[in-house]
Structure formats: C-alpha cells, structure tokens
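*Asks:* Can you keep this structure in mind? I'll have questions shortly.
Dropping the structure here:
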C-alpha cells in the first residue's frame, strides 16, 4: 500500500497495550473479569490522548521478497508506458499542426523528471532529513543509500519490497503528474515555459504532496489529517487537476477561443492512448498494493471501475444524444481509473463499481459545464483529473472498508474509522482535499508568475496560428511532401 | 470533347469507376476534396462540444470524354453515386479545347 511508515522499530507502548487489551476483552464475558476490564478500558482511554502524538506502527521487519519486488518492477514499467499513452490521448485531441508539441509536453518529461527524480525528487519526497511533515530531506539525493549497498534491502518494516524498486516506481508517478497538466495548456504555451514550469512544479508542488500523503507527512495515515490515498487520487490527480485549473485561468484561452475550437484531429490516437493508460493503470493502482499475493484485488477494483465508468459515460451519451461516442468511451474509462485511484485497495467490488459510475457521471457533468461556460481547459485536465480525483478521494472516505485499512499500516486513518466510522474519515478527506486545493492552487500560481516573468508563458498569436510543431520543434507531424 | 467533373461521396468512388469503365471511358483522375453545399456541413459532437463541420470530405472525379459519350457518362455516374439523401454530390460539364498524348503527340479524341 502506498504509504510508508518512516520510523519503524519494535513494539511501541500503544501496541503492547492494544494487544493486552484485546486479550483481556476476549475474556470479558466472564463476570469476575468484567469489572477489571472496565477499569483497564478507562485507564486506556485516559492514556490515548497522551499517546496519540507518539503513535507508531507496530510492523515486523520482513526480508525482501522476490515476487513482491518483481510486482514493483513490472508496475514501474506499466506506469512508465502511461506517459506515452497520455501523449497519444492528448495528441489525438489537438489540431494536426500542434500534435507533436502536445505529445512532447508529456514525452519530454520522461527525460526531465526522470533525471530530477533520481537527483533530488525522491529525497524531497521520502527522506526524513528535514524532520518536517511537509517536505523530505536531502539525505537520499542520487538515491544515496536507498536499498542499501545492493539496492535489495526492504523498504521499511512491514514491507517486503526492495527500497530501490519503490524509488523507481514512485519516479514514474512523478513523471506523469505534471504531464497531466499539459492538457490544460496545449496549443498556446511556450515550450521553454513548460520546461521551467514542470521542473519547478515537480520540486515544489509534487514532492511536498508526495511527502504529505505517502511519505509519513501531514495529510497521510501517519500524520495529522489521516487521509488515505491508495495510488494517488490526491497526490497525482487532484494535484494535476488543480494545477491545470489554475494554469488555464492564468495562461488564458487559446487565441480566438471559442471560435477557433476544432474537433479532435485523430480519434484513433485518443482510443490508443486511453487503452495504454488503462493497461498502465494496472501498475499505477495494482502494484500500489506493494505485495504480489493480494494485488489481484487492487487490479480488479481498478479495471472494474474503468469498465463501469466507460459504460456509464456511453449510456449517458446514448440517452442524451442518441449515439455513444468513441471519445466518450475513452474519456469515461480514464475518469473511472482516476476515480478508483485513491480507493483501489480500500474498497470491495460493489463500492468500486459505485465509484466508477459516480466518477463518470461527475466528470461528464464537469465537461458539459466547462464547455457551456467556455473555459478553455483545452483537454479537460481539470474536468477529468481534478473532478475525478476529488470525487474519488471523497468517496474513498465514505466507502473504505475498515477491514482493508489495517491499523499497522494506517494508524491514524484506522483510528478515525474505529472512532467515527466512514463519516469521520470522509471529514478527514474533505480536509485533505481542501488543503491540497489550497496548497497546489497557490503554489501553481506562484510558479506560473515566476516563469511568466522570466521566460514568458505564451507563444505569439502568429506562432499559434502557424502551429507549435514547427514553431517549437521545427517539425511537422503530417507533411504532405513526404507522401 | 467535354470534361466531366463529379464531386461525390468517397464511398461511391469504386462503383462510379466501374460504371464508367463499363461504358468504355478509358481514364480518370480523382482528388480528395472538402466542401459543402446547401446543407452547410454536418454537426459532430465531442465530449459535449458541438462542432459544425462545414467542409465535408468528398472525392472529385475528373474525366474527359468524346461528345458522344457525355450523356452515357452522366447517366452512369448519377446512377452509381445516388443514395437519394442529401450529400450525393454534383456533376459539372465543361468544354475541352484540345487533348495531347505526350508520348506520341496524338491530338483530339484519339489522345484520350
């Protein structure tokens, strides 16, 4: 599961007490023990507030497991493939003269963020050097010490995957997250601005988000808020979606919008991209289980939600417009995958189905509203990833099954569930979503302001008209002279 | 000699070619073209965005025939291209002054 307890160690006082209390409660039916049990419970309740601050997981040290580690390696390869998949997905929507630039905005990040992650991104996200719940440290730059000398040491107590496979896996998420934002900015942003924006955004928005949710930080199951995010509903999709929303508002619409809008130039690319994304999502969500034996569960919830969402989107279109569309099927599937991302390991199949249906419906409405108010989030990066991520995160709070949120791995979240049930976890998730919106929204605006001041955000209207493939890269995707 | 220019549905090109070959029309040239007529294009819908596509893909067939074959060619094309729905296309007839076969220098109908 995509949460890492950073400080392990032996059984803590709270864990010892819990074990003792369980044993006592088992005998509580015996009348002579009842009074004793009540005394113990009262004593325990009194101690809880004192211990809450120092609650640590009581996880056993386990050796690295080959199958589990292989799941991570396979998952990393799958998630990597999502970025070119996204490039095709987005590329199909744009005009023919901008398709290479659109695809490069994703593809290029496999270079840029692939390097940044190893050099410093991982350390900022998962190191503990700064002793902060908001940002990691500098101790694991260049993946120094990750997985020991041979890279095969387990990630942490309770995890049988190697630390090096975890770092690799997380790097793939770091690549695709800023790439998702590009959907809001295509056909007008200057590529130099995109270079600096994605670099700064990755360091100052993505890494803190990963730390806060997954790195034992403020928002996550070891932190103050106790929200659970299985594979990145908050870290990836809300972050990218809000980044896209703010970027669209600041960068502004394409010149001549909405009159200049054109239909997608290549719908088969969109289907190809959506197919690759779905395939890759088995790594994104499935491998986030971090254990091969149980991962069939998160693989199944993931694909079920996508199926339900595809079906939902097409049925809505069929009833409203008389025809189910290919673009709708692709969009619905992606919406369902986004929705189930925070929940994939925390819900059973009926809930996964509900999440798929609800996310597709919400995203469908968001896309219609966006079109109606003529907001140029060009490829619906917010309407799909932002709205889908938000709906998924909130539904995860409502629908998470307590049995799937074990206290060893998710102490704060399990405590919330045990004390207040799903209603309380929902409230925690509302808080986490609001904090993420605020942090990402403000941070994105600041980064755009800096990048805009230094290199300028947009190409000129003349360059927009000429097409960004030629302007930014000196290439054309479809040159009639090469027939 | 007359030039026959027919703008037709792409899906009807094979049938039109066969119909023309059947009446001994010996050659033709086709182009991919886009355009609209009285119906002003068609409406497409993507993610709830409606687009009126004014320029619909068509095929333009150009062939030159001797005067005595013009009516037969018009009949052949019309018959093969017709579906009865809007968008079947149009046929235009224009006079041709001269035709020259480059390889041999032949002129007029024999050069076709």
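Residue numbers (this note's numbering), protein chains in the order written: chain A, 19 to 501; chain B, 1406 to 1517.
C-beta atoms are modelled at their ideal positions from N, C-alpha and C, and glycine is treated no differently.
1) Is there a C-beta anywhere in chain B that falls below 8 Å from the one on residue 346/A?
2) Return the bridge partner residues of residue 180/A from the DSSP annotation.
3) May I ask you to list the residues that DSSP assigns as paired with residue 1495/B?
4) When we look at the beta-carbon of residue 398/A and count the other beta-carbons within 10 Å, is it buried (16 or more) or exposed?
5) Using only CA atoms, which one of 187/A, 245/A, 311/A and 476/A lies nearest to residue 210/A?
6) Mind checking if residue 258/A is an interface residue toward chain B, Cβ cutoff 8 Å exclusive?
7) What are the boundary residues of the beta strand (DSSP E) that includes residue 110/A?
8) Mind checking residue 1512/B: buried by the 16 CB within 10 Å criterion, or exposed?
9) Please confirm whether residue 392/A has its beta-carbon closer than 8 Å to some beta-carbon of chain B.
10) Looking at the ligand GTP, does it come within less than 7 Å of residue 366/A, judged from the CB to the closest heavy atom?
11) Is the number of C-beta pairs between the stretch 1480-1500 of chain B and the stretch 1424-1444 of chain B that are closer than 8 Å three or more?
12) So for residue 429/A, helix, strand or coil by DSSP?
13) Tell me, please, whether the stretch 326-344 of chain A touches the stretch 362-380 of chain A by the rule of three or more beta-carbon pairs shorter than 8 Å.
14) In chain order, what residues of the same chain lie with their CB nearer than 6 Å to the CB of residue 24/A, ignoring the 5 residues before and after it?
15) Out of 194/A, 400/A and 474/A, which has the shortest C-alpha to C-alpha gap to residue 455/A?
16) Might you give, ordered along the chain, the residues of its own chain that have their beta carbon closer than 7 Å to the beta carbon of residue 416/A, omitting 5 neighbours on each side?
17) Shorter than 8 Å from the beta carbon of residue 1456/B to some beta carbon of chain A?
18) Pull the bridge partners of residue 282/A from the DSSP assignment, please.
19) Check whether the Cβ atoms of residue 291/A and residue 353/A sit closer than 8 Å, and answer yes or no.
20) Which residues, in order along the stretch 1431-1461 of chain B, keep a beta-carbon less than 9 Å from a beta-carbon of chain A?
21) Reducing DSSP to helix, strand and coil, say where residue 400/A ends up.
22) In chain order, which continuous runs of the alpha helix (DSSP H) of length 4 or greater are located wholly inside the stretch 463-491 of chain A?
23) Give the straight-line distance between the Cα atoms of residue 1497/B and residue 288/A, rounded to the nearest whole angstrom.
24) Closest to residue 241/A by CA distance: which of 119/A, 230/A and 164/A is it?
25) Give a yes or no on whether 8 Å exceeds the smallest Cβ distance from residue 420/A to chain B.
26) Between residue 107/A and residue 1464/B, what straight-line distance do the alpha-carbon atoms span, to the nearest angstrom?
27) Given that residue 279/A touches chain B, what residues does it touch there, using C-beta distances under 9 Å?
28) Can you tell which of 1445/B, 1474/B and 1489/B has the C-alpha that lies nearest to the C-alpha of residue 1409/B?
29) When the Cα of residue 84/A is compared with those of 129/A, 135/A, 153/A and 183/A, which residue comes out closest?
30) I need the straight-line Cα distance from residue 393/A to residue 258/A, nearest angstrom please.
31) Hey, out of 387/A, 351/A, 342/A and 315/A, whose CA is closest to residue 366/A's CA?
32) Starting from residue 1468/B, follow the beta strand (DSSP E) in both directions and report where the run begins and ends.
33) DSSP state of residue 379/A, grouped into three classes?
34) Would residue 95/A and residue 121/A qualify as a contact pair, given that the criterion is a beta-carbon distance under 8 Å?
35) Name the residue from 223/A, 427/A and 306/A whose alpha carbon lies nearest to the alpha carbon of residue 466/A.
36) Chain B partners of residue 349/A, CB-CB under 7 Å?
*Replies:* Reading it off the structure:
1) yes
2) 172/A
3) 1412/B
4) buried
5) 476/A
6) no
7) Residue 110/A -> not in any beta strand (DSSP E); alpha helix (DSSP H) instead, spanning 84-111.
8) exposed
9) no
10) Although the ligand GTP was asked about, the structure shown includes no ligands whatsoever.
11) yes
12) helix
13) yes
14) For residue 24/A, the predicted structure reports a pLDDT of 46, less than 50, and the residue's modelled location is therefore unreliable. A value from the coordinates is still provided. Once the five neighbours on either side are set aside, the close Cβ partners of residue 24/A are 146 and 234.
15) 400/A
16) 440 and 444
17) yes
18) The partner list for residue 282/A (beta bridge, DSSP) is empty, contrary to what the question assumes.
19) no
20) 1449, 1450, 1451, 1452, 1453, 1454, 1455, 1456 and 1458
21) helix
22) 479-484 and 486-491
23) 39 Å
24) 230/A
25) no
26) 30 Å
27) 1454 and 1456
28) 1474/B
29) 183/A
30) 17 Å
31) 315/A
32) 1461-1470
33) helix
34) no
35) 223/A
36) 1452
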